[in-house]
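All residue numbers for the sequence shown refer to this note's numbering, where the first residue is 1 and numbers rise by one.
For glycine and all other residues, C-beta sits at the position ideal for the given N, C-alpha and C.
Model, not experiment: these values are computed from the prediction.
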Amino acid sequence: MKLTLAVVVSAAMVTLSLLHAAPATNPSVSAPVSGGNRGQAFGAWTTAATPAGYVEEERFFSGAAAVYQKAGTWGVDGKWEATPGAHADYRVRMLVRRPTDPARFNGILVVEWLNVSAQLEGAADYMQMEEELVREGYAWAGIGAQAVGVNAPGTGLKAWDAARYAPLTHPGDAYSYDIFSQGAQALRHPQGVDPLGGLRIRHMLATGRSQSAFRLVTYINAVHPLTPLFDGYLVHSRSANASGITAEGMGRDAGTPIPAGAHIRTDVNVPVFDLQTEGDMVALRSHLTRQEPNPHYRRWEIAGAAHAETPRWVVEVPPPLDFGQGCKDAVNAAPHHAVVKAALRALTRWVRDGVIPPQSPAIELSDAAAADPVVRDGFGNAKGGIRLPELEAPTARMDGGQNAVAQAAPGAPNFCFLFGHTVPFDAPTLTSLYQTHEAYVRKFAAAADALERDGYWLKAEADQARRAAEQSRVRR
C-alpha cells in the first residue's frame, strides 16, 4: 500500500501525542447507594419505566482530581495542549443502567456527561437514545462531572436530597475533565468494585448533548490525547464556543478564551461523530464550527429540528401543540430523537466494525453572520441537510429559530429560545399540497424510506412514523 506524506505525518503526530498519554487515576467506588429522604436516586427510573432485563444502580466515586492548564496557544484548529496541575479532593456520583444478563450485553458502554444547563443533572442524551440502548443491549452510565449539579441551591443533588447526597463534594469545574476521566477509568478498568457487575466492555463511547457537548469538544481536543480512554465520541448539539478549561459552567476562560468556531482536532485517533440541528446553527451559531470530514470525523445536520423539542411524527391539530416552558409560540415538533438513535448505531458500527458513516448533506446557509443564516423555502422550512418526512411532506412550518417567552416562571431558567417553532398549515394550504390522504401518506412514506435507506433513521422509528402518517387525519 502506498502512503502519502500527509498520512505519514498525521500518523506520526498521533503517535507523538500518545507518547505523552497516561492512564487516568482509579477512584474509589462505593457500593450501590440507597436510603436518603426520598429513597431513590435523582433521575432514577420509576418502577413502571424500568426496561425488562435491566438494572439501575447509583454509586459514588471519589479521589483527587487534577486541574488542567493551557500549554501554548489554543487556536481554531483544536490542536490544544494541556498539562495537569494542582489536585483537589472530590466525591460525585454515577448512575449506571445495564443488562442483568451478560449474554444480553452488546459489549458497548455509553458514558454520558450529564447536562447541568438547568442547574441539575440531566441525562439529555439518554432521553433520546433509550429505545435504541435497550433494544440493542448497551450499558449506559451518566457521570455527574460538574459542580452545579451537586451544589446548586434549590435544584442540585444536595438540595434535592440532603441526606442521600450529604457525602458529595465538588471543588469546581476546573476539575470536571479529570473527574470525567476518573469515572470512565473506574468503569472500564475497575479495581475492586466493578460498577458494571462484571460485564466485559469491548468498546466505550462518550456522549454529551448541549452544554455537555461544549465540554466534550474541549475534552476531545485537550484531554483525550493525554488520557485516551474512549473509543469514540458523539458530540450532540454543540455551540460555536467550546467550554473553557478552567471556567465554571458554560463560561469562557478569563484572559485567553477559546476562540469561537473551534474544530475537532484532525489528528484525533478515534471516531468523532458531530450531530447538529438547524436550531443549533440559529440559536447557538454552531454553523461556525463546520469542518471537512476526515478519517476520524463525520458531521450530520438535521433540517427542521430545534436544539430542543416536543416531538411528533405528524403535525396536526388536534391534539393541541405543546408550548414548552411558557413559550410564546408552539415549540418545535421534529422527531430529532430518531436521528440521534441512528447516529448512535452509526458510531457503534464505525468503532466496532470500521464502517465509516457518510457525511450528511449540509443545511443551506446564506449569510453566516445573519441572525438566521439558514436558507428557507416558501413555507419557511430549511433547505438542505437531513430531510425529515415532516419537511418533505410538510403539514407545518417547523424551524429551529429562537422562540420567545410568554410567561416566565419567576426565578427559574427558561430555555424557550432553544425550542424553535411549529406553525401548522391551514386547510387551503394542505389541499393545495395533497389531493387526498393517500397522496400525503405516499409522500411521507417515500421520505421515511429514503431516511431508512441512507441510515439517518432506523427501521423501528421509520415504521412508527409510517404508521402515524397512515393513521393521521391529514386530508381525509
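| Item | Value |
| --- | --- |
| Alpha-carbon spacing of Tyr165 relative to Pro51, whole angstroms | 26 Å |
| Gln464 versus Pro320 - alpha carbon distance | 20 Å |
| Distance between beta carbons of Tyr456 and Ala334, contact taken as under 8 Å | Rounded, the Cβ-Cβ distance is 13 Å, inconsistent with contact. |
| Contact between the stretch 111–120 and the stretch 202–209 (3+ Cβ pairs under 8 Å) | yes |
| Nearest to Pro428 (by Cα), restricted to the options Thr395, Asp399 and Ser212 | Thr395 |
| Nearest neighbour of Ala152, chosen from Gly137, Gly183 and Ala118 [CA to CA] | Ala118 |
| Identified DSSP bridge partners for Pro271 | Paired residue(s): none; Pro271 is not in a bridge. |
| Where Leu79 falls: helix, strand or coil (DSSP) | Here the sequence assigns Lys to residue 79, which means Leu is not the residue at that position. It is coil, neither helix nor strand. |
| Cβ-Cβ distance between Trp313 and Glu390 below 9 Å | yes |
| Cβ neighbours of Asn106 in the same chain (closer than 7 Å, five flanking residues each side left out) | Glu136, Gly137 and Tyr138 |
| Cut-off 8 Å between Cβ atoms - residues of its own chain near Asp253, not counting five sequence neighbours on either side | Lys70, Gly244, Ile245, Thr246 and Ala247 |
| Host beta strand (DSSP E) of Lys70 (start-end) | Tyr54 to Ala71 |
| Ile356 versus Glu292 - alpha carbon distance | 15 Å |
| Sheet register partners of Ala396 (DSSP bridge) | Pro424 |
| Own chain partners of Cys327 with C-beta closer than 8 Å, once the 5 adjacent residues on each side are dropped | Asn403, Ala404, Val405, Ala406, Cys416 and Phe419 |
| Burial state of Glu461 (16 or more Cβ within 10 Å) | buried |
| Contacting residues, own chain, Cβ-Cβ under 7 Å from Ile201 (five flanking each side not counted) | Gly107, Leu109 and Arg188 |
| Start and end residues, alpha helix (DSSP H) containing Gly149 | Ala147 to Asn151 |
| Whole-angstrom distance between Val339 and Pro413, CA atom to CA atom | 27 Å |
| Alpha helix (DSSP H) segment containing Arg352, residue limits | His336 to Asp353 |
| Close-in-space but distant-in-sequence residues of the same chain around Gly53 (CB under 7 Å, 5 per side omitted) | Pro99, Thr100, Asp101 and Arg104 |
| Proximity of Glu58 and Val33 at Cβ, strictly below 9 Å | yes |
| Residue burial classification, Asn221 (beta-carbon count within 10 angstroms, cutoff 16) | buried |
| Through-space distance from Arg298 to Gly385, alpha-carbon basis | 14 Å |
| Rounded separation between Leu234 and Lys79 - CA only | 19 Å |
| Coarse secondary structure for Arg265, derived from DSSP in three states | coil |
| Coarse secondary structure for Thr50, derived from DSSP in three states | coil |
| Contact between the stretch 365–380 and the stretch 434–441 (3+ Cβ pairs under 8 Å) | no |
| As assigned by DSSP and simplified to three states, the class of Ala118 | coil |
| Pro373 at chain B interface by Cβ criterion, 9 Å | Among the protein chains of the structure shown there is no chain B, as only one such chain exists. |
| Local Cβ density within 10 Å of Arg467, reported as buried at 16 or more and exposed below that | exposed |
| DSSP three-state assignment for Gln501, whether helix, strand or coil | No statement about residue 501 is possible, as the shown extent of the chain runs from 1 to 476 and does not include it. |
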